[in-house]
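Novice:
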Amino acid sequence: MKKTLNFIVISGLLIILYFCSSPQKETQKPFADTLVNYSVTAAQEWTNLFYRKNGWFGADGVFTMALTGKESFGVGAEDSVLMYFSDTMTGTVLADTAVANFKMINNSFAWVTGLEPSEETVKLFYRQGINNEPLNHFKPNTPNTQPGEYYWFGDGFVNQQDNNSINIFGYRVFDNSRASWDFEVRGVTLITIPAGASFSEHTQIDLPLFMEIDSLGKGTFGSGIYVNTKEAGAPNPDGYLYIYGLLDPNKQLVVARVKPENIKEVSTWRFWNGKQWDEKIENVKPVTNRVSNEVSLTPMKDGRYLLVFQSDGIGQYTSIRIGESPIGPFGPLQNIWKAPEITAPPGIIPYNAKAHPVLSSTDRLLISYNTISMDYFNDILKHPHMYRPRFFWLEIIE
0 MKKTLNFIVI SGLLIILYFC SSPQKETQKP FADTLVNYSV TAAQEWTNLF YRKNGWFGAD
60 GVFTMALTGK ESFGVGAEDS VLMYFSDTMT GTVLADTAVA NFKMINNSFA WVTGLEPSEE
120 TVKLFYRQGI NNEPLNHFKP NTPNTQPGEY YWFGDGFVNQ QDNNSINIFG YRVFDNSRAS
180 WDFEVRGVTL ITIPAGASFS EHTQIDLPLF MEIDSLGKGT FGSGIYVNTK EAGAPNPDGY
240 LYIYGLLDPN KQLVVARVKP ENIKEVSTWR FWNGKQWDEK IENVKPVTNR VSNEVSLTPM
300 KDGRYLLVFQ SDGIGQYTSI RIGESPIGPF GPLQNIWKAP EITAPPGIIP YNAKAHPVLS
360 STDRLLISYN TISMDYFNDI LKHPHMYRPR FFWLEIIE
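When we follow numbering that gives the first Met the number 0, the leftmost residue of the sequence shown carries the number 0, and every step to the right adds one.
(1) Look at G221 and D154 and say whether their C-beta atoms are less than 8 Å apart.
(2) Determine the burial state of K24: buried for a count of at least 16 other Cβ atoms within 10 Å of its Cβ, exposed for fewer.
(3) On the DSSP bridge list, what partners appear for Y239?
(4) The alpha helix (DSSP H) with L48 in it runs from where to where?
(5) Would you kindly work out how many angstroms separate the C-alpha atoms of R320 and S310, rounded to a whole number?
(6) Between the Cα of K284 and those of N272, S359, E230, spot the shortest distance and give me the residue it belongs to.
(7) Straight-line CA distance for K381 to N106?
(8) Where does D181 land, buried or exposed, given buried means 16+ other C-beta within 10 angstroms?
(9) Taking the alpha carbon of K279 as the point to measure from, which residue in Q251, G54, F209 has its own alpha carbon closest?
(10) Candidates F108, E70, V98, N100: which alpha carbon is nearest D86's?
(11) With a Cβ-Cβ cutoff of 8 Å, do L332 and T63 count as a contact?
(12) Return yes when the Cβ of G57 is within less than 8 Å of the Cβ of R387, no when it is not.
(13) Cα-Cα, which of E211, V157, K217, Y225 is closest to G195?
(14) Report the residue from P193, R177, P146 whose alpha carbon sits nearest the alpha carbon of N377.
(15) Go through the segment 306–394 residue by residue and report every complete run of the beta strand (DSSP E) that reaches 3 residues or more, in order.
(16) From the DSSP output, in three-state form, read off G75 for me.
(17) For R256, report the span of its beta strand (DSSP E) as first-last.
(18) Whose C-alpha, out of I224, F137, K250, is nearest the C-alpha of R256?
(19) With distances taken from CA atoms, which of P139, V74, T219 is nearest E230?
(20) Is the distance from the Cβ of L364 to the Cβ of W336 below 8 Å?
(21) Leaving out five residues before and five after G330 in sequence, what residues of the same chain have Cβ atoms less than 7 Å from its Cβ?
(22) Just curious, the beta strand (DSSP E) that Q203 is in, first and last residue?
(23) Return the Cβ separation of T191 and R171 in integer angstroms, given the expectation that the two are a contact with Cβ distance under 8 Å.
(24) Going by other Cβ atoms of all chains shown within 10 Å of its Cβ, with 16 needed for buried, is D362 buried or exposed?
(25) Taking the straight line between their C-alpha atoms, what separation do you get for I395 and E70?
(26) Look at the alpha carbon of S214 and the alpha carbon of S291, and state the distance between them as a whole number of angstroms.
(27) In this structure, how does DSSP classify I262 when only helix, strand and coil are distinguished?
(28) Can you list, in chain order, the residues of its chain with a C-beta nearer than 7 Å to that of I104? Leave out the 5 residues immediately preceding and following it.
(29) Quick check on P356: buried or exposed, where buried means 16 or more other Cβ atoms within 10 Å of its Cβ?
(30) From N130, E183, T202, pick the residue whose C-alpha is nearest to that of I165; which is it?
(31) Which value, in whole angstroms, describes the spacing of the CA atoms of S199 and D301?
(32) For G57, report the span of its beta strand (DSSP E) as first-last.
(33) Check S117 in the structure and name its three-state DSSP category.
(34) Starting from A194 and walking both ways along the beta strand (DSSP E), at which residues does that stretch end?
(35) Under 8 Å, do V254 and I326 count as touching if we go by C-beta distance?
(36) Measure the C-alpha to C-alpha separation of T112 and L48 and round it to an integer number of angstroms.
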């Protein structure tokens, strides 16, 4: 009897010790879904750089990529960076209250060298005609293109699996009237520029990434890209591109993924349906909401992911959500920056915030947003500096 009791006691102790020491049974720390310790400061050196009076004097969009395809913090210190914009204002600003020779084009660019912004290190450019008139480098030219359409740009990346070609999502847009906000997005293309080639040597293909889902609304993919590859410098690579899209109403964020080498083969794309990766785009499910038409996802040092956007698309706050993975779950919306321009005439509206890790340092992240007004075609002639990128720094305090 005593031997039996001893055996039971010893067995019980061994079981307790096993469960206490077994790594499978350790209490897991809960996912921290908010950013607690951080600071934000104006990046005036970047904002002031885009206060221009001749030629290019305003634009939106503001995406960046290093030509090597690396996406790590600060790679722009050594690698050339392409910055690109959508609707661009050109002309000569007179006394900050009027514009001569005004013309709007739909895309422009800048070559960026190093991390210190100046007119010498950030070279803005756009295509010019034989009489130096401003022209678009890119306009829709695909089988699905209809007369009168033009491009707005989505996010892009350098495809290291395609000899470092530049790839940019283009939205085919059509103006239904001359009113400021009366436009529609009709489709999505992928623009590809071979490494070292001139922009005129690009190709364009239609991609079936326009969504119209009864239960969710309308939208497109291309709002943001996260390159989760070893070659790009991702901390937890799985070899995929994570491509973010937006559905309205309620600015719902959806996710697709594909291998970089298969970017043009939509049959290989998979869409997150809330439980698994699905072949059908119509089965996609939102991972969060209240984001903007342009977003960014950036890996953090502690393994979490930082989603940056403008709250509800257009508004005074640049916001973040913290994700456990590139597909979430994402934490609550946190407003981190209130645009000081919100009170400036003629009623400035901020929109489409995103981060630029390639132009950042290891201890702070550069974030941009755009500003516009409701009646911008008229307002731009009286307030020419209202329409341009603004920047601030986000420092995460460990």
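All C-beta atoms in this analysis are idealised placements derived from N, C-alpha and C, irrespective of residue type, glycine included.
Specialist: From the atom records:
(1) Looking up residue 221 in the sequence shown gives position 222. Looking up residue 154 in the sequence shown gives position 155. Cβ distance < 8 Å, so G221 and D154 count as in contact.
(2) In the sequence shown, counting from the first residue as 1, residue 24 sits at position 25. With a pLDDT of 34 at K24, under the threshold of 50, the modelled position of that residue is not reliable, and the figure given next carries that caveat. Looking at its Cβ environment, which holds fewer than 16 other Cβ atoms inside 10 Å, K24 is exposed.
(3) Position 240 of the sequence shown, counted from the first residue, corresponds to residue 239. Bridge partners of Y239: N227.
(4) Numbered from its first residue, the sequence shown carries residue 48 at position 49. It spans 43–48 - the alpha helix (DSSP H) in which L48 sits, taken as one unbroken run.
(5) Position 321 of the sequence shown, counted from the start, is the residue given in the question as residue 320. Position 311 of the sequence shown, counted from the start, is the residue given in the question as residue 310. If you draw a straight line from the Cα of R320 to the Cα of S310, it is about 10 Å long.
(6) As a position in the sequence shown, residue 284 is number 285, starting the count at 1. Measuring C-alpha to C-alpha distances from K284 to each of N272, S359, E230 identifies N272 as the nearest.
(7) Against the sequence shown, residue 381 aligns to sequence position 382. Against the sequence shown, residue 106 aligns to sequence position 107. In this structure, the straight-line span from the alpha carbon of K381 to that of N106 is close to 22 Å.
(8) Working through the sequence shown from its first residue, we reach residue 181 at position 182. Taking a 10 Å sphere around the C-beta of D181, we find fewer than 16 other C-beta atoms and assign the residue as exposed.
(9) Reading the sequence shown from its first residue, position 280 is the one you call residue 279. For the residues Q251, G54, F209, the minimum Cα distance to K279 belongs to F209.
(10) Looking up residue 86 in the sequence shown gives position 87. Ranking the options by Cα distance to D86, first place goes to F108.
(11) The count along the sequence shown starts at 1 and reaches residue 332 at position 333. The count along the sequence shown starts at 1 and reaches residue 63 at position 64. Not closer than 8 Å, so no.
(12) The count along the sequence shown starts at 1 and reaches residue 387 at position 388. The count along the sequence shown starts at 1 and reaches residue 57 at position 58. The answer is yes: Cβ separation under 8 Å.
(13) Your numbering for residue 195 matches position 196 in the sequence shown. Of E211, V157, K217, Y225, the residue nearest in Cα terms is V157.
(14) As a position in the sequence shown, residue 377 is number 378, starting the count at 1. With distances taken between CA atoms, N377 lies nearest to R177 out of P193, R177, P146.
(15) The qualifying runs are 316–322, 333–337, 348–354, 364–371.
(16) Here the question's residue 75 lines up with position 76 in the sequence shown. When DSSP states are grouped into helix, strand and coil, G75 belongs to the helix group.
(17) Stepping through the sequence shown from its first residue, residue 256 is reached at position 257. 251–257 is the extent of the beta strand (DSSP E) around R256.
(18) Walking along the sequence shown from the start, residue 256 turns up at place 257. It is I224 whose Cα lies nearest to the Cα of R256.
(19) As a working note, residue 230 is residue 231 in the sequence shown. Among P139, V74, T219, the Cα nearest to that of E230 belongs to V74.
(20) For the purposes of this step, residue 364 is taken as the residue at position 365 of the sequence shown. For the purposes of this step, residue 336 is taken as the residue at position 337 of the sequence shown. Taking 8 Å as the Cβ cut-off, L364 and W336 do not qualify as a contacting pair.
(21) Start at 1 with the first residue of the sequence shown, and residue 330 comes out as number 331. Scanning its chain for C-beta atoms nearer than 7 Å, with the 5 sequence neighbours on each side dropped, one finds around G330 the residues D32, T33, R320, I321, in chain order.
(22) Position 204 of the sequence shown, counted from the first residue, corresponds to residue 203. Its beta strand (DSSP E) spans residues 202–206.
(23) Looking up residue 191 in the sequence shown gives position 192. Looking up residue 171 in the sequence shown gives position 172. In this structure, T191 and R171 do not form a Cβ contact; the two beta carbons are roughly 16 Å apart against a cut-off of 8 Å.
(24) Taking the sequence shown and counting its residues from 1, the one referred to as residue 362 is at position 363. With fewer than 16 Cβ atoms within 10 Å of its Cβ, D362 is classed as exposed.
(25) As a first step, residue 395 is located in the sequence shown; it is residue number 396 there, counting from the start. As a first step, residue 70 is located in the sequence shown; it is residue number 71 there, counting from the start. The C-alpha of I395 lies about 19 Å from the C-alpha of E70.
(26) Residue numbering aside, residue 214 sits at position 215 when the sequence shown is read from its first letter. Residue numbering aside, residue 291 sits at position 292 when the sequence shown is read from its first letter. Each residue's alpha carbon lies about 20 Å from the other.
(27) The sequence position of residue 262 within the sequence shown is 263, counting from 1. Shown here, I262 sits in coil according to DSSP, grouped into three states, outside any helix or strand.
(28) Within the sequence shown, the letter at position 105 stands for residue 104. Only residues of its own chain outside the window of five on either side were considered, and among them T87, T89, Y125, P133, L134, N135 have a CB closer than 7 Å to the CB of I104, listed in chain order.
(29) Position 357 of the sequence shown holds residue 356. Classification for P356: buried.
(30) For the purposes of this step, residue 165 is identified with residue 166 of the sequence shown, where counting begins at 1. By alpha-carbon distance to I165, the top candidate from N130, E183, T202 is T202.
(31) In the sequence shown, the residue the question calls residue 199 occupies position 200. In the sequence shown, the residue the question calls residue 301 occupies position 302. Approximately 42 Å, taken between the alpha carbons.
(32) Indexing the sequence shown from 1 puts residue 57 at position 58. For G57, the enclosing beta strand (DSSP E) begins and ends at 53–58.
(33) As a first step, residue 117 is located in the sequence shown; it is residue number 118 there, counting from the start. Coil at S117, not helix or strand.
(34) Within the sequence shown, the letter at position 195 stands for residue 194. In this chain, A194 is not harboured by any beta strand (DSSP E), its DSSP state being neither H nor E.
(35) The residue given as residue 254 occupies position 255 in the sequence shown. The residue given as residue 326 occupies position 327 in the sequence shown. Closer than 8 Å, so yes.
(36) Sequence index remark: in the sequence shown, residue 112 carries index 113 (1-based). Sequence index remark: in the sequence shown, residue 48 carries index 49 (1-based). Each residue's alpha carbon lies about 14 Å from the other.
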